[in-house]
Amino acid sequence: DVKVTQSSRYLVKRTGEKVFLECVQDMDHENMFWYRQDPGLGLRLIYFSYDVKMKEKGDIPEGYSVSREKKERFSLILESASTNQTSMYLCASSSALAGSQETQYFGPGTRLLVL
Amino acid sequence: GEDVEQSLFLSVREGDSSVINCTYTDSSSTYLYWYKQEPGAGLQLLTYIFSNMDMKQDQRLTVLLNKKDKHLSLRIADTQTGDSAIYFCAEKAGGYQKVTFGTGTKLQVIP
Chain A
98 DVKVTQSSRY LVKRTGEKVF LECVQDMDHE NMFWYRQDPG LGLRLIYFSY
148 DVKMKEKGDI PEGYSVSREK KERFSLILES ASTNQTSMYL CASSSALAGS
198 QETQYFGPGT RLLVL
Chain B
30 GEDVEQSLFL SVREGDSSVI NCTYTDSSST YLYWYKQEPG AGLQLLTYIF
80 SNMDMKQDQR LTVLLNKKDK HLSLRIADTQ TGDSAIYFCA EKAGGYQKVT
130 FGTGTKLQVI P
């Protein structure tokens with residue numbers, strides 16, 4: 098079974114703090130993704146990566162950065178947290194191999210509250 | 030850009046069929062997916078359909094794809110209380126890693 102783990106289930110931070118969200122997958126997947134989920138807005142893509150050290154902006158990258166130094170790990174960084182970044186953050190990974198249907202496998206999510 | 034739309038809420042009685050609908054705009058979609066999210070959890074793939082198919086059945090689940098109208102539906106037969114969750118429609122355009130998700134439909138099953 099594919100396993101995607103996220104470093105925290107719940108996180109409370111103060112405005113202006115630097116926040117690191119970590120995601121690890123154990124299936125040697127090439128692609129990794131960070132989304133945020135907000136009621137009524139569904140999932141919105143923040144950043145994704147298709148290889149080590151490679152990154153692409155998603156639909157809402159402002160206020161976020163990412164790091165992918167190893168294939169299995171994809172980190173989301175909030176340089177200076179703001180209250181409008183209070184959300185549920187979901188990490189996902191997928192294989193780029195032919196026949197994989199590029200199904201995305203999700204972690205359990207990190208619920209971040211910025212005070 | 031790509032857009033995927035779903036109604037936000039559906040309520041059905043236990044034992045009835047549920048039909049969750051989705052419309053999308055990208056005509057170059059290769060795969061379309063249905064994901065399920067239970068409370069407090071991440072998304073889990075339920076089923077997918079390749080864009081050259083018009084129907085796929087998997088036990089209680091039936092996916093119908095109308096490419097001309099860009100309409101996707103998920104039918105759950107004999108809906109159970111354990112089917113209560115948020116269901117996300119998603120589509121993947123050809124040649125890109127990115128998948129676009131809908132807003133999710135919250136299915137409430139009434140005993």
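Just so you know, the protein sequences line up as chains A and B, in that order. The working numbering numbers the first residue of the first sequence as 98 and each following residue consecutively. The working numbering numbers the first residue of the second sequence as 30 and each following residue consecutively. Built from N, CA and C at the ideal position, the CB exists for glycine as well. Being a predicted model, the structure only gives us computed values, none of them experimental.
query	result
Within chain B, the residues that L138 (chain A) reaches when beta carbons sit closer than 7 Å	T132
6 Å Cβ shell around S80 (chain B) - same chain, five flanking residues per side excluded	S58, T59
Cβ-Cβ separation, G206 (chain A) to C218 (chain A) (assumed contact under 8 Å), whole Å	Only positions 98 to 212 of chain A appear in this structure, which leaves residue 218 (chain A) out of reach.
G131 (chain B) beta carbon less than 8 Å from that of C51 (chain B)	yes
C-alpha gap between R111 (chain A) and T54 (chain B), whole angstroms	39 Å
The stretch 157–169 of chain A contacting the stretch 134–145 of chain A, beta-carbon criterion three pairs below 8 Å	yes
Residues of its chain near V41 (chain B), where Cβ-Cβ distance is below 8 Å and the 5 sequence neighbours each way are ignored	S47, T108, L136, Q137, V138, I139
Helix, strand or coil at Y81 (chain B) according to DSSP, with G and I counted as helix	Correcting the residue type first, residue 81 (chain B) is Asn in the shown sequence and not Tyr. Three-state result, N81 (chain B): coil.
Of the residues A:V116, A:S190, A:M124, the one placed nearest T183 (chain A), counting alpha carbons only	A:V116
7 Å Cβ shell around V109 (chain A) - same chain, five flanking residues per side excluded	L210, L212
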